[in-house]
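Numbering (full-length UniProt numbering), first residue to last: 1 to 237. Ideal Cβ placement from N, Cα and C applies to all residues, glycine included. Report on one structure; see the data block that follows.
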Amino acid sequence: MVRIFPYAATQFASYEQYKVYLRKRFGSHHWTKLLAGSLAGMTAVLLTYPLDVIRARLAFQVAGEVIYTGVVDAFRVMITREGGFRALYKGIVPTMIGMAPYAGLSFYSFETLKAMMLEYFPEIFGRPCPDHEGDVVLVISAKLFCGGLAGALAQTISYPLDVARRKMQLALMLPESHKFSTWYTTILVVVQEHGIRHGLFRGLTLNYLKVTPMVAVSFSVYETMKQFLGLETWAES
1 MVRIFPYAAT
11 QFASYEQYKV
21 YLRKRFGSHH
31 WTKLLAGSLA
41 GMTAVLLTYP
51 LDVIRARLAF
61 QVAGEVIYTG
71 VVDAFRVMIT
81 REGGFRALYK
91 GIVPTMIGMA
101 PYAGLSFYSF
111 ETLKAMMLEY
121 FPEIFGRPCP
131 DHEGDVVLVI
141 SAKLFCGGLA
151 GALAQTISYP
161 LDVARRKMQL
171 ALMLPESHKF
181 STWYTTILVV
191 VQEHGIRHGL
201 FRGLTLNYLK
211 VTPMVAVSFS
221 VYETMKQFLG
231 LETWAES
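Below, the structure written as structure tokens:
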């Protein structure tokens, strides 16, 4: 919870800023939406990554082998004994590389699905916008569907890099940590030891059960708050 609040706030707020800037600079294109989403996700990761590393370390501990007593202690130990700020950003490269397509595709897919629903099926998935006469916005069920589908698509494409990120974050707690020194070698080791399906995509189905509803709710709240604040979220009928 300590990480997700600043992460989500930074991602959605920066997406709006990047989208406005790129639209003014290059016009409204498909690639500008994709790029705005990628930049937003990378910005959020850069600011909150140390909290993600600490969360992973705390979750990896087992009974009887407690290394960190809490968030503050984990931060202190990693800074003083495990390499300083470099330890807090261990695995940042595959995370950023994975976040670029994940966030970009999430936002782009959601925006595209929303536009298609409002253009071709406004009477089914849309309702009149209360603040802009003659315009329509998505109903809640359509927001949830678009968000969930966008999240599932983006997660499928970026999942192998997410596996590499987790391996690198936990590397210093493993005896064979040298095997996970870079994102490239980490992926090679995972493929050699477990294969592609059971290595790079292990746990993907379970991750769908977590990510799909989470992203669906996130985008629904995002769209609803934009409507509440009077920001652009409609399509002309």
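Which residue wins for smallest C-alpha separation from residue i, given the options the options?
| i | options | result |
| --- | --- | --- |
| residue 166 | 36, 56 and 98 | 56 |
| residue 109 | 144, 130 and 8 | 144 |
| residue 99 | 83, 226 and 157 | 157 |
| residue 221 | 200, 170 and 141 | 141 |
| residue 101 | 93, 38 and 179 | 38 |
| residue 152 | 197, 219, 19 and 58 | 219 |
| residue 40 | 115, 193 and 106 | 106 |
| residue 30 | 42, 122 and 111 | 111 |
| residue 201 | 227, 4, 164 and 137 | 164 |
| residue 170 | 60, 4 and 10 | 60 |
Taking the alpha helix (DSSP H) that residue i falls in, what are its first and last residues?
| i | result |
| --- | --- |
| residue 217 | 204 to 228 |
| residue 112 | 92 to 120 |
| residue 37 | 30 to 60 |
| residue 75 | 71 to 81 |
| residue 249 | Here the chain comprises residues numbered 1 to 237, so residue 249 is not present and cannot be evaluated. |
| residue 180 | Note, residue 180: premise wrong, no alpha helix (DSSP H); not H, not E. |
| residue 22 | 4 to 26 |
| residue 88 | 85 to 88 |
From the DSSP output, read off the bridge partner residues of residue i.
| i | result |
| --- | --- |
| residue 126 | 138 |
Between the beta-carbon of residue i and the beta-carbon of residue j, is there less than 9 Å?
| i | j | result |
| --- | --- | --- |
| residue 161 | residue 224 | no |
| residue 44 | residue 103 | yes |
| residue 113 | residue 149 | yes |
| residue 183 | residue 83 | no |
| residue 78 | residue 97 | no |
| residue 19 | residue 8 | no |
| residue 21 | residue 49 | no |
| residue 51 | residue 2 | yes |
| residue 217 | residue 147 | yes |
If we cut at 9 Å on Cβ distances, does residue i have a partner in chain B?
| i | result |
| --- | --- |
| residue 79 | The chain labelled as chain B is not found in the depicted structure, where only one protein chain is given. |
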